[in-house]
Amino acid sequence: MAVNGMASGVLGVLVGVLAARPQEEVWLWLGVGFAGSLSTFSTLMVDMALLLRTGHRQEALGLAGASVVVGYSLLALGLALGGVLAP
Numbered sequence: 134m135a136v137n138g139m140a141s142g143v144l145g146v147l148v149g150v151l152a153a154r155p156q157e158e159v160w161l162w163l164g165v166g167f168a169g170s171l172s173t174f175s176t177l178m179v180d181m182a183l184l185l186r187t188g189h190r191q192e193a194l195g196l197a198g199a200s201v202v203v204g205y206s207l208l209a210l211g212l213a214l215g216g217v218l219a220p
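With the working numbering, letter number 43 in the sequence shown gets 176, and the count goes up by one each step, no holes.
Structure representation (structure tokens):
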């Protein structure tokens, strides 16, 4: 969950900067390449499947909810930071 949240924050910064400089494709490559490879969404799905398979429904729901809240919060923070960093 921490890595997915960090990837969301990094992507938010990159998108915030990219909005001010749409002509620079390097930001797009960094967003897709770096933040995309940093994110471990597939691992989240495996963890949830294992929790559900072993009867830990509340933990799986908590993991899913916390991942969405943390990811969105760090994305919003990254977008704000990217807007400040953009010239």
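In this text, a Cβ means the ideal position worked out from N, Cα and C, and glycines have one as well.
Exercise for review: Please determine if the region 203-220 and the region 182-192 are in contact, where contact requires at least 3 C-beta pairs separated by less than 8 Å.
Suggested key: No, they do not touch.
Exercise for review: Please classify M139: does DSSP put it in a helix, a strand, or coil?
Suggested key: If DSSP states are grouped into helix, strand and coil, M139 belongs with the helices.
Review point. How many Å lie between V217 and L144 at the Cα?
Key: Taking the straight line from one Cα to the other gives about 15 Å.
Review point. In chain order, what residues of the same chain have a beta carbon less than 6 Å from the beta carbon of L214, not counting five sequence neighbours either side?
Key: V146, listed in sequence order.
Exercise for review: Taking only the alpha-carbon atoms, compute the straight-line gap between G211 and S170 and give it to the nearest angstrom.
Suggested key: Going by the C-alpha atoms only, they are around 17 Å apart.
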